[in-house]
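In full-length UniProt numbering, the protein residues as written are 1 to 368.
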């Protein structure tokens, strides 16, 4: 009898959703374990020290090898398809050529679309509900699961500073993240106009990967409301309906929270108080002048060359003799060596949060 596998996840991660979907699709029993981003995660003490602590992480107690842990979404999918073969539920084509095409497509999407969508989604979340970032502390503090708690509101600006540095959210425009995302979606949209699936004539890991990684973009109005991308979202909806056993209950807690926040904001916008407040904000020239000055200051004083606190979190393992299925990772480690460097870091990224991030949101919304 198969023992349940353990999936260590961040609940709103689209990479974790990808592995969750594969496990459900292949009808493999599993348990979900929430990864503690700021502490020890129960169960991972059994993992080898060489394991990259990067979700999703899969633990397979049925493995006959000494190492039962595996990280990175595409290698996990390949492992599941090889370790638990089921012809009617295979994620890879039988043809060796198409099989390699699927693998290459998955790694390419992981290294591009998945990274871009994550950065855009976090920027959108900071705009709509910054205190939601307190969910990262949920495994340590129960109050963190309530973004409206005063403690969540107090801690969120500091967590946001680390997240901005970790994912370079203040450099979305410099890195042309929106344009690169658009290009990927348009290219895939052109293919979907002539084909039902990304590779071959049947559902594969490539379709599963794409639909998982594009999921955060549904919550960004710039993409969700653009007619050019409707074919993408309709395709993903159809793929989920036909191949995801959890459909339609696929929204995570964070997505539901943001949806409720939008409903509340819409009600507030209809009130007279909100309209007066918005009008006063528009005619407050002093505030607008100060904001414009600070944006110019941040652009010149804290340009890309000043991001010396950010160093790559992981280096890709490259082998000349063996091709790797490992995707690129854009996360940064915050390199703080002293209390003084911590103070400078917080001052810098609080300024980015207050003045640079609104500019990045404007860039996402209109390309300004």
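Even for Gly, the Cβ is constructed at its ideal location relative to N, Cα and C.
Query, Result
"Smallest Cα separation from residue 68: which of 363, 267, 4, 101?", "4"
"Please report the distance separating the alpha-carbon of residue 133 from that of residue 145.", "9 Å"
"Rounded to a whole number of angstroms, what is the C-alpha to C-alpha distance between residue 184 and residue 200?", "19 Å"
"By DSSP's criteria, residue 31 is part of a beta bridge. Which residues make up the other side?", "6"
"What ranges does the alpha helix (DSSP H) occupy inside the region 129-193, keeping only unbroken runs of at least 4 residues that lie completely in it?", "150-167, 177-192"
"Assign residue 48 to one of two classes, buried (16 or more other C-beta atoms within 10 Å of its C-beta) or exposed (fewer than that).", "exposed"
"Would you report the Cα separation of residue 45 and residue 139, rounded to the nearest angstrom?", "16 Å"
"According to the neighbour-count rule (16 or more other Cβ atoms, all chains shown, within 10 Å of its Cβ), is residue 172 buried or exposed?", "buried"
"What is the C-beta distance between residue 223 and residue 217, in whole angstroms, given that I count them as a contact (C-beta under 8 Å)?", "4 Å"
"Determine the direct distance from the alpha carbon of residue 64 to that of residue 213, and round the result to whole angstroms.", "31 Å"
"Have a look at residue 22 and residue 28 and give me their C-alpha separation to the nearest angstrom.", "9 Å"
"For residue 19, which of helix, strand or coil comes out of DSSP?", "helix"
"List the endpoints of the continuous beta strand (DSSP E) containing residue 59.", "57-59"
"With C-beta atoms as the reference, is residue 119 less than 7 Å away from residue 167?", "yes"
"Let me confirm a value: residue 13 is counted as buried when at least 16 other C-beta atoms fall within 10 Å, else exposed. Which label applies?", "buried"
"What's the call for residue 371, buried or exposed, on a 16-neighbour Cβ count within 10 Å?", "What is shown of the chain runs 1 to 368, which leaves residue 371 out entirely."
"Considering only the beta carbon of each residue, do residue 116 and residue 42 sit closer than 7 Å?", "no"
"Ordered along the chain, which non-local residues of its own chain (more than five positions away) have a Cβ less than 6 Å from that of residue 408?", "Residue 408 cannot be examined here, being either before or after the span of the chain that is shown, 1 to 368."
"Since residue 71 is in the alpha helix (DSSP H), which residue starts that stretch and which ends it?", "Per DSSP, residue 71 belongs to no alpha helix (DSSP H); it is in the beta strand (DSSP E), 69-71."
"Identify the continuous alpha helix (DSSP H) that holds residue 212 and give its terminal residues.", "205-213"
"Could you tell me the distance, in whole angstroms, from the CA atom of residue 353 to the CA atom of residue 160?", "7 Å"
"In the structure shown, what three-state DSSP assignment does residue 266 receive?", "helix"
"Considering just the uninterrupted stretch of the alpha helix (DSSP H) at residue 340, what are its terminal residues?", "339-351"
"Take residue 90 and list the residues in its own chain whose beta-carbon comes closer than 7 Å to its own, dropping the five residues that flank it on each side.", "81"
"I need the straight-line Cα distance from residue 323 to residue 106, nearest angstrom please.", "Reliability of the predicted coordinates at residue 323 is poor, the pLDDT of 46 falling under 50, and the value obtained from them is presented with this limitation in mind. The straight-line gap from Cα to Cα measures roughly 14 Å."
"Going by C-alpha distance, which of 221, 141, 78, 54 is nearest residue 125?", "221"
"Using a Cβ-Cβ cut-off of 6 Å (strictly less than) and excluding sequence neighbours within five positions of residue 330, which residues of its own chain qualify?", "115"
"For residue 131 versus residue 153, is the C-beta spacing smaller than 7 Å?", "yes"
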